[in-house]
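Enquirer: Sharing a structure below in structure tokens format, with a few things to ask.
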Amino acid sequence: MKSNSSLPSLTEKQEFEIVELTKQQRNSLGSDDAPIANDLLLLLEKKHITLVQYPIEDDGLRSFGAMFLTTKDADIEFNFIGLNTNDYYDKQIFSIAHELYHYAKKDQWHISRDDEDKSGDLTELLADKFAAEFILPLHTFKKIVVSEFDKSELFDLQQSTILRFIARIHCTWWLPYKSIVRRLLEAGSINQEIYNRLYQIEERRPDGEYYKIGLTTNEHDFKMLNDITRKVGTGAADLEILVRNYEDGIISESQLADDLLLFGKNPEDFGVAFEIDEEDAAELNELFAEGAKNGC
């Protein structure tokens, strides 16, 4: 997400195309104006997109955020989203929606870095715009603002009033704080000066004004959205495919064990027992012990 105070501009045609694209993807869940972020995993399942979750530590440069990859095997298409869970949960949701743009555009592969300055990368700007529009469509957001305040322009409101409104949107729609601030400017509800002031707030600082407001708004959801999950895993259906590939003789015992270890699992969790000698058993035990040591 951008760290500077100005919004990058897209052409009217680009804006229109993004809105139409998000409508198509949202409609696949049968939803238009309802919060959809909680159903993202269901959408991935419907589209047969495998989500692989794994925490990746920042390398000190530009940390990995997410990736999209599509491959074909015997004319069968396989789509994958790799998600870095060493990040706040609301940003993980945004990253999944971001990668959905690359899926919708039929890109073969894409890697997203957690680089806030994307002003020079049109593709990334479009993908971020898609993600924000997918999670909370602008036309829906405008209706919420008017319903809440009986007007669309909030220039005369106190900052604390706007922050309470942002916190309610945050906890309901699961859109990150800074993205909501952008939506306010895009909707014409705030001016550039207010936007700059809101954008500079350290929204995750526990002793900060916004964080305290968020906790009083919906403590459970607010803490969940601001949690760094470090989750390791993939869908149950995808793990079942791994096990069946072993049972069908497509992969070996060691391949199954290695693949399941990536997700903190072992064959016995799926009722699979290997007939192995003592030397192989010792090797597997060492493998699992090393995985546990590394936090898998």
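In the working numbering, the protein residues as written are 695 to 990.
Every residue, glycine too, gets a C-beta built ideally from N, C-alpha and C.
Which residues mark the beginning and the end of the beta strand (DSSP E) in which Arg899 is found?
Expert: The count along the sequence shown starts at 1 and reaches residue 899 at position 205. Element bounds for Arg899: n/a, residue is neither H nor E.
Enquirer: If we count Cβ pairs, one from each stretch, closer than 8 Å, do we get three or more for the stretch 788 to 807 versus the stretch 842 to 856?
Expert: No, they do not touch.
Enquirer: Please report the straight-line C-alpha distance between Ile790 and Gly902, rounded to a whole angstrom.
Expert: Within the sequence shown, numbered from 1, the residue matching residue 790 stands at position 96. Within the sequence shown, numbered from 1, the residue matching residue 902 stands at position 208. Cα to Cα, Ile790 sits roughly 28 Å from Gly902.
Enquirer: Where do the ends of the alpha helix (DSSP H) carrying Arg924 lie?
Expert: Within the sequence shown, numbered from 1, the residue matching residue 924 stands at position 230. Premise fails: Arg924 is in no alpha helix (DSSP H) and is neither H nor E.
Enquirer: Taking just the CA atoms, how far does Asp822 sit from Asn778?
Expert: Counted from its first residue, the sequence shown places residue 778 at position 84. Counted from its first residue, the sequence shown places residue 822 at position 128. Near 17 Å, if we compare the C-alpha coordinates of Asp822 and Asn778.
Enquirer: Going by DSSP, what residue range makes up the beta strand (DSSP E) through Ala748?
Expert: Stepping through the sequence shown from its first residue, residue 748 is reached at position 54. For the record, residue 748 in the displayed sequence is Tyr; it is not Ala. Unbroken beta strand (DSSP E) run through Tyr748: 743 to 748.
Enquirer: Using alpha carbons as the reference points, say which of Leu794, Asn920, Ser948 lies closest to His864.
Expert: Looking up residue 864 in the sequence shown gives position 170. Closest by alpha carbon: Asn920.
Enquirer: Below 8 Å on the Cβ atoms is my guess for Phe824 versus Ile743; work out the distance and round it to an integer in Å.
Expert: Along the sequence shown, one-based indexing puts residue 824 at 130. Along the sequence shown, one-based indexing puts residue 743 at 49. The pair is not a contact, with the Cβ atoms about 15 Å apart (cut-off 8 Å).
Enquirer: Please identify the residue among Ile907, Val937, Ala881, Phe788 whose C-alpha is closest to the C-alpha of Lys836.
Expert: Sequence index remark: in the sequence shown, residue 836 carries index 142 (1-based). Checked all of Ile907, Val937, Ala881, Phe788; the closest Cα to Lys836 is Ala881.
Enquirer: Where does the unbroken beta strand (DSSP E) through Glu739 begin, and where does it stop?
Expert: Here residue 739 refers to the residue found at position 45 when the sequence shown is read from its first residue. Counting along the chain, Glu739 falls outside any beta strand (DSSP E), though it belongs to the alpha helix (DSSP H) covering 734 to 740.
Enquirer: Could you have a look at Ala760 and say whether DSSP puts it in helix, strand or coil?
Expert: The residue you call residue 760 lines up with position 66 of the sequence shown. Residue state, collapsed to three classes: strand.
Enquirer: If you draw a straight line from the C-alpha of Ile884 to the C-alpha of Asn780, how long is it?
Expert: What you label residue 884 is simply residue 190 of the sequence shown in a count that begins at 1. What you label residue 780 is simply residue 86 of the sequence shown in a count that begins at 1. Approximately 33 Å, taken between the alpha carbons.
Enquirer: Determine, using beta-carbon pairs with one atom in the stretch 888 to 895 and one in the stretch 759 to 775, whether at least three such pairs fall under 8 Å.
Expert: As far as the Cβ criterion goes, the stretch 888 to 895 does not touch the stretch 759 to 775, which means the pair count is below three.
Enquirer: Let me check understanding here. Comparing Cα to Cα, which of Lys872, Leu819, Ile787 lies closest to Leu738?
Expert: Working through the sequence shown from its first residue, we reach residue 738 at position 44. For Leu738, the nearest C-alpha among the options comes from Ile787.
Enquirer: Short of 7 Å in beta carbon distance, which residues of its chain neighbour Leu832, apart from the five on each side in sequence? Order them along the chain.
Expert: Reading the sequence shown from its first residue, position 138 is the one you call residue 832. So the qualifying residues of the chain are Arg877, Glu880, Ala881.
Enquirer: Ile775 bridges to which residues according to DSSP?
Expert: Indexing the sequence shown from 1 puts residue 775 at position 81. For Ile775, which the question treats as bridged, DSSP gives the partners Leu745, Phe762.
Enquirer: Quick test of your reading: Phe710 and Val746, contact by CB under 8 Å. State the CB separation rounded to the nearest angstrom.
Expert: As a working note, residue 710 is residue 16 in the sequence shown. As a working note, residue 746 is residue 52 in the sequence shown. Contact flag wrong, Cβ pair sits at about 33 Å.
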